[in-house]
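Just below is one structure, and these are the notes that go with it.
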């Protein structure tokens, strides 16, 4: 993440009915559409993203394409179609579309009828993700793809891909990830910690691209519940979480770890037995009320032991189940109380900062589209 | 019920689309929110009442409180929270609310942030019910709580608490309870009776607080089907139902019974073998299209035999199942025919009287809120 | 079907959002409401037709009536009522309605209250169908009932009645039936055929009452997949489909067959071993988004063998399951893309002709109701 610090964390309440305003999604950015391994061989993956239905498939060279999931002819979904060479055949009347959305075959005739092309979305594949750009395609610069390179360092970090579906607005999930104070309550027996931890106030910084939240809890008695039994050392623990949200695309990268107390982690020295983690957590809106959650939890120890990686990841997943249950319950109450505002409490600096960077990005994007539309 | 007789039963049709008009619920009255035994120990009972979600819980002294089911902070439902001493802790970020709705604890800080209090509703506990007042709290006078004292006379009346959920507007259920003519058809094999009974016209009286409906059927061959096998005497039967609706709160108290024919019941003399009943039936709206139904069926014979009470109550419950099936089917047709009016037939005096008292009470309440609002 | 040829097949796209315009159903025509054998003895058949709930029942002489499924009194559905002599008794309060919709009995009173009659719809029974007229009853002329007489020629044609429910607009189903080009793709392994067949362009003719589509495929290697094992002759095959859509009522009559290649079928000569079929396929809208599909598949060979008829019909039914799956998937995408138009391709002449005749009939009917309303 860029290191331009713009520290101006809002101390006012965030309105719960933000999401009633016009445009709830950022469009001009790369979103994760799928894990790379979800699209293979002749599989056509159907997924709704930003309220639009999309199909993903690979051409014969393995390159991924994304098309709208709608045949131009009679609107049959292409996801019920068939992979064919470099394209997809609609299995209602047989039209074939290539990865650019061009209709390239119409049965029973040479050439194709006019107006049969459909929309294609720019895609890219990097760090085990398939990325998709659903905004102005002129801006789809691959150099803007967020860094998730922890997933591309075999031998240094082990991890496995996970996916979870939330019946909730992506902003409620982002709020949750930016907020450490819920760990003690929601994750009492999983990711959480002591009452003492509940009282530690994290440091919150706003950068040009997003938000960083840092929390150190030194000299704890034990590692977090999810790590019990996996300890690589004995005695007191220094723990930390450093969370970077990149606002565009809802990209959360978290460095965290547990090291022997006083071994120098806070000053940047990691002794060999320090347990280091890097979590990649990405939310892609499905609709205004539902979200895709792609995540991994890379670790630097017990490398080359997939069973360990699965067991560790399963423990983290338990915590996300707890979040999912809470956030989906919250969504119902939010929906029924559109006329009321969230109360702001002292622990809200992190999530308020996230909301603020989002509001700024949405405003800039609205301005971009307005001026583009005026120029046309 | 007050004995001021205001006899003016409407003979005109009641419009089925009454419930499209502004305010379908009376607010300034005591409603039954729960049976007392539904809220015990550390249980937090969640229930939607008059379209608002409420939680009930007891403090350490056993006093019941009712709060809106919404944490002020990020709108997590308190019903997923945890009972703590005299309050409830939201298990998202740990805020604690007392029975008055005050936020009394915010983790990690002394005192609490501003604007964190939530709404509390006046409650009271009487005659095995938890009562709740959801209108203007200044008017929540406990002396207005309807009399359900048959449930507080052990040794004289035996009964057990029952609850049933209806996917129907409370007014359709009240219509049903005020109408004896459906017994022959809906309850042919349960609560019903002969064709002769179907033709008996009940007496309907309007009082200041509600409606009384009285029906005597003298010298019947048998008791009602649900009493067969339980007879305390042989031979012909005088039967009666005297139904009091207290409009505010939808409180139905019914005295009914079966006595040996000619033994003087109609004149007020009850021989020892007379089978007397007192039914308490209360409808509390959940939403405009769904209702809670709390009921008991007290009897004055076979006392101290809980199995008998359960068996008798089960038989009555069969009849309510028949009502539920009919009323929920009716609700669907009512919803699809908002432009049409119910036809008025000669047996409608009871239910029309009920609708009339309700319309009057709703109008008075609208006037109260309008003048209060003007005064502010 | 009338033989007045009006050949003017549109070559422009049909707008997918046709069905957002005012009146999606033709009213002044006979629709199939049920198979005759669905209404028998004391059965009351409830079915929603053109967004209205209807009950069918027979009087003591066997004559079928159709009433709205709504008691005039408190809107209980008559479908939960009881057949009684020549009428239906509402089992809420006991009102009885005859086949003309007149309330003929009100319990406990001589005569009946005013305003208790309900709506009856003209019905007729012909060719194993119960027909219903839901438009202006003055126009309900039984001579307008479409011809389905293949179902009334025992000894010449064998068939059995089938019903299927579609979660789709009737127009999407009609599109499908008028389109042969989907057979190769949707029905690859059932009703379909070779790639060669996919490329044959059918002849489309518009008549005053509807559309005729004709397709001959001469000298095919084999019969269609669904006929394999049933062949009555060996060697090459001439196959044909001649499809008549009668727009009013969505009546599809299809003559089809397979004859030895060169045996003269195209010229009207059918050798004894020719396999002839007559399909009756009728769509009656349930709502704007759901439809009833009544169909039979008469055959002229293996007569008197009900097991064969069932086996053959089951094979066709497999094909309709494939259509149902595709059309219901299409409906979802159509609903989500009301702002977009179907692209027109060269194979769309048939379905575009069907849409055109429907648009014309709807416009004429709108004019009829407008002038009638002006005259009143």
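Protein chains in written order, with this note's numbering: chain A, 1 to 376; chain B, 1 to 376; chain C, 1 to 376.
In this text, a Cβ means the ideal position worked out from N, Cα and C, and glycines have one as well.
Please read all numbers here as calculations on a predicted model, not as lab measurements.
C-alpha gap between residue i and residue j, whole angstroms
i	j	result
residue 123 of chain B	residue 105 of chain B	23 Å
residue 22 of chain C	residue 202 of chain A	For residue 22 of chain C, the predicted model reports a pLDDT of 47, less than 50, meaning its position is unreliable and no value from the coordinates is stated.
residue 189 of chain A	residue 147 of chain B	48 Å
residue 364 of chain B	residue 370 of chain B	10 Å
residue 345 of chain B	residue 65 of chain B	45 Å
residue 184 of chain B	residue 321 of chain B	15 Å
residue 55 of chain A	residue 75 of chain A	14 Å
residue 207 of chain C	residue 250 of chain C	14 Å
residue 68 of chain A	residue 338 of chain C	15 Å
residue 153 of chain B	residue 253 of chain B	15 Å
residue 93 of chain A	residue 81 of chain A	10 Å
residue 57 of chain A	residue 329 of chain C	20 Å
residue 375 of chain B	residue 119 of chain B	23 Å
residue 247 of chain A	residue 300 of chain A	27 Å
residue 323 of chain C	residue 161 of chain C	19 Å
residue 83 of chain C	residue 357 of chain C	41 Å
Per DSSP, the bridge partner or partners of residue i
i	result
residue 380 of chain A	A query on residue 380 of chain A cannot be resolved here, the shown segment of chain A reaching from 1 to 376 and no further.
residue 290 of chain A	A/287
residue 243 of chain C	C/213 and C/254
residue 188 of chain C	According to DSSP, which records beta bridges pairwise, residue 188 of chain C is partnered with nothing at all.
residue 275 of chain C	C/258
residue 34 of chain B	B/130
Distance CB(residue i)-CB(residue j) smaller than 8 Å
i	j	result
residue 213 of chain B	residue 178 of chain B	yes
residue 60 of chain A	residue 85 of chain A	yes
residue 130 of chain C	residue 36 of chain C	yes
residue 281 of chain C	residue 169 of chain C	no
residue 191 of chain C	residue 224 of chain C	yes
residue 283 of chain B	residue 291 of chain B	yes
residue 132 of chain A	residue 150 of chain A	no
residue 331 of chain B	residue 167 of chain B	yes
residue 260 of chain B	residue 233 of chain B	yes
residue 354 of chain A	residue 211 of chain A	yes
residue 226 of chain B	residue 319 of chain B	yes
Counted within 10 angstroms of its Cβ, other Cβ atoms place residue i as buried (16 or more) or exposed
i	result
residue 134 of chain C	buried
residue 265 of chain B	buried
residue 73 of chain B	buried
residue 33 of chain B	buried
residue 312 of chain C	buried
residue 182 of chain A	buried
residue 307 of chain B	exposed
residue 367 of chain B	exposed
residue 236 of chain A	exposed
residue 373 of chain C	exposed
residue 40 of chain A	exposed
residue 107 of chain B	buried
Where the beta strand (DSSP E) through residue i begins and ends
i	result
residue 220 of chain B	210-220
residue 255 of chain B	251-260
residue 52 of chain A	52-58
residue 126 of chain C	123-126
residue 84 of chain B	82-84
residue 231 of chain C	Element bounds for residue 231 of chain C: n/a, residue is neither H nor E.
residue 397 of chain A	Because chain A spans 1 through 376 in this model, residue 397 of chain A falls outside it and cannot be assessed.
residue 87 of chain A	87-89
residue 204 of chain B	203-206
Residue interval of the alpha helix (DSSP H) (run including residue i)
i	result
residue 312 of chain C	306-336
residue 46 of chain B	Element bounds for residue 46 of chain B: not the alpha helix (DSSP H) but the beta strand (DSSP E), 45-49.
residue 173 of chain A	170-177
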